[in-house]
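For the record, in the sequence shown the residue sitting at position 201 is 201 according to full-length UniProt numbering, with numbers rising by one throughout.
The beta carbon of each residue, even a glycine, is placed where N, CA and C say it ideally should be.
Since the structure comes first, as structure tokens, the remarks are kept for the end.
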Amino acid sequence: MQEDLKIREITAEDVWEPPTVAVIGVGARPEECSGRALELVRRAQVLVGGSRILALFDHHTGEKVPIRSPLDPVLDRIEDWSGSHRVAVLASGDPLFFGIGRRLLKRFGRDRLLFVPGPTTVQVFCARVGMPWDDVRVVSLHGREPTLEWLWHLRLGTPVALLTDARHSAAWVAARLVASGLESLPFWVGEDLGLSSERIHCLTAAEAKGQSFSSLNVVLVQPSADTGLSGTPEPPPFCGIDDEAFAHHRGLITKREVRSVVLTLLGLRPGQVLWDLGAGSGAVSVEAARLVPLRAVWAVERVPERVAQIRENVRRFHCGEICVVEGDALEQVDKLPNPDRVFVGGGGADLRALLEKVRPRIRPGGRLVVTSVTFRSLAQVQDFARAHGCSLEMSQIQVSRAVPIGDTARWEALNPVTVCAMTPRGDAN
Numbered sequence: 001m002q003e004d005l006k007i008r009e010i011t012a013e014d015v016w017e018p019p020t021v022a023v024i025g026v027g028a029r030p031e032e033c034s035g036r037a038l039e040l041v042r043r044a045q046v047l048v049g050g051s052r053i054l055a056l057f058d059h060h061t062g063e064k065v066p067i068r069s070p071l072d073p074v075l076d077r078i079e080d081w082s083g084s085h086r087v088a089v090l091a092s093g094d095p096l097f098f099g100i101g102r103r104l105l106k107r108f109g110r111d112r113l114l115f116v117p118g119p120t121t122v123q124v125f126c127a128r129v130g131m132p133w134d135d136v137r138v139v140s141l142h143g144r145e146p147t148l149e150w151l152w153h154l155r156l157g158t159p160v161a162l163l164t165d166a167r168h169s170a171a172w173v174a175a176r177l178v179a180s181g182l183e184s185l186p187f188w189v190g191e192d193l194g195l196s197s198e199r200i201h202c203l204t205a206a207e208a209k210g211q212s213f214s215s216l217n218v219v220l221v222q223p224s225a226d227t228g229l230s231g232t233p234e235p236p237p238f239c240g241i242d243d244e245a246f247a248h249h250r251g252l253i254t255k256r257e258v259r260s261v262v263l264t265l266l267g268l269r270p271g272q273v274l275w276d277l278g279a280g281s282g283a284v285s286v287e288a289a290r291l292v293p294l295r296a297v298w299a300v301e302r303v304p305e306r307v308a309q310i311r312e313n314v315r316r317f318h319c320g321e322i323c324v325v326e327g328d329a330l331e332q333v334d335k336l337p338n339p340d341r342v343f344v345g346g347g348g349a350d351l352r353a354l355l356e357k358v359r360p361r362i363r364p365g366g367r368l369v370v371t372s373v374t375f376r377s378l379a380q381v382q383d384f385a386r387a388h389g390c391s392l393e394m395s396q397i398q399v400s401r402a403v404p405i406g407d408t409a410r411w412e413a414l415n416p417v418t419v420c421a422m423t424p425r426g427d428a429n
């Protein structure tokens, strides 16, 4: 049944009474606000907002409540004040666009809130540079763990706008692009939009990597034809890239046919985190990143030569969402964010110990896929699954490829690989 919604239209003549809370989007200056927004601010008895926004209304005679972290005490004060006062929460741009609006809805519900949006930062920036923004992918890095899904959309020819913060700055975004082999992409930075200190830069990612910008900035990255990322999407993501397309050494690569099975059993979903332990050439990481927009892929490899090959493949396929870690997987997994999916392509003699370390880190519903080429490693996987009550799915992949001989061809067999998949009961959240 569709929920009935209260439609409210409050004008200057209407009575705005508690406990309704007005949530008002403001620009860089009060004169950029709509007349309706300014009238509601004028009638408010309590203003709640960040220190910069409250300073825009320092002439206001009402009580002022600065927003600080953590947010819960501020929400408690809004609850207390709104019972008997007209409370206005002031936010930058549109409060429902990566703003405080979502948190307010969760706490107070829509029936107690009146939203009056202002122009978003991205909207203003695109207007400044004269770019349509109906097809721009907008990502917020502000105050949250970073997601690298935006690189997937960029590879498909979609412009990406990023709302940055002090930790994940414009230079950080540029560094991810440089690591992806996309250092020549057009890279726009808008600083202090709407303020007297406003500046707009059109750089390349390589130029932006070493620069500092105002903390109030937005980044816009454009695909371009000269980098192979034009506005026309490249062919859809697929699995089964030719082995020879990857940098690898002496055939030490998960073969194309096996990769396809591994990716099928991993069952990747958008926004997930993948660990690729014993990543070798990074072929599984690359195919996974191209197939689904993942939050991040962590490729761990202990052999320096192979680490260099992974980095080369990251650049070759523009897959900057792959974070390359050099070191032994047993030691490195403690430093990684909890995964949704784990692929172990090389555990060596310590495979069982590695699986035991991985299991409690996997998020609920996660998948663990292991490839095995020896009886010993297969026995370790089976013992692990039995010890933890995991339902183990195993398939042996035996592939023969046609190779030329004279004016005909013959079959050449590759080593058989056993692919093991399970859903361990992890403890991670």
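Any non-hydrogen atom of the ligand SAM closer than 8 Å to residue i Cβ
i	result
alanine 88	Among the components modelled here there is no ligand, and therefore nothing to report on the ligand SAM.
Inter-residue spacing [alpha-carbon to alpha-carbon] between residue i and residue j
i	j	result
leucine 268	valine 342	10 Å
glycine 83	threonine 164	35 Å
leucine 141	threonine 147	7 Å
glutamate 326	valine 303	7 Å
leucine 151	proline 424	30 Å
glutamine 398	alanine 413	8 Å
aspartate 328	glutamine 396	27 Å
threonine 121	glutamate 301	40 Å
asparagine 338	proline 416	31 Å
valine 322	valine 74	It should be noted that the sequence gives isoleucine, not valine, for residue 322. Near 38 Å, if we compare the C-alpha coordinates of valine 74 and isoleucine 322.
proline 18	serine 69	25 Å
glutamate 356	alanine 288	24 Å
arginine 176	proline 66	34 Å
Short Cβ contact (9 Å threshold) for residue i with residue j
i	j	result
arginine 290	isoleucine 241	yes
cysteine 33	valine 23	no
alanine 247	glutamate 312	yes
leucine 274	alanine 296	yes
cysteine 202	proline 186	yes
leucine 114	tryptophan 16	yes
valine 89	leucine 71	no
valine 419	threonine 371	yes
leucine 216	leucine 195	yes
proline 30	leucine 38	yes
Beta bridge counterpart(s) of residue i as assigned by DSSP
i	result
histidine 201	Val189
alanine 402	Trp411
glycine 49	Pro66
aspartate 276	Ala299 and Phe343
arginine 137	Val160
methionine 422	Leu368
valine 221	Val160 and Phe187
Extent of the continuous beta strand (DSSP E) to which residue i belongs
i	result
glutamate 326	322–326
serine 372	367–372
glycine 25	21–26
isoleucine 397	393–397
serine 92	87–92
leucine 336	Taken as a continuous stretch (DSSP letters only), leucine 336 belongs to no beta strand (DSSP E), as it is neither H nor E.
phenylalanine 108	Counting along the chain, phenylalanine 108 falls outside any beta strand (DSSP E), though it belongs to the alpha helix (DSSP H) covering 101–108.
valine 116	113–116
Continuous alpha helix (DSSP H) stretch holding residue i: start and end
i	result
asparagine 313	304–316
alanine 349	Where alanine 349 is concerned, there is no enclosing alpha helix (DSSP H), given that its DSSP letter is neither H nor E.
Counting pairs of beta carbons, one from the region 104–112 and one from the region 42–53, are three or more of them closer than 8 Å? Counting C-beta pairs closer than 8 Å gives fewer than three between the region 104–112 and the region 42–53, which falls short of the contact rule.
Counting pairs of Cβ atoms below 8 Å between the region 205–212 and the region 175–195, do you hit three or more? Result yes; three or more Cβ-Cβ pairs closer than 8 Å.
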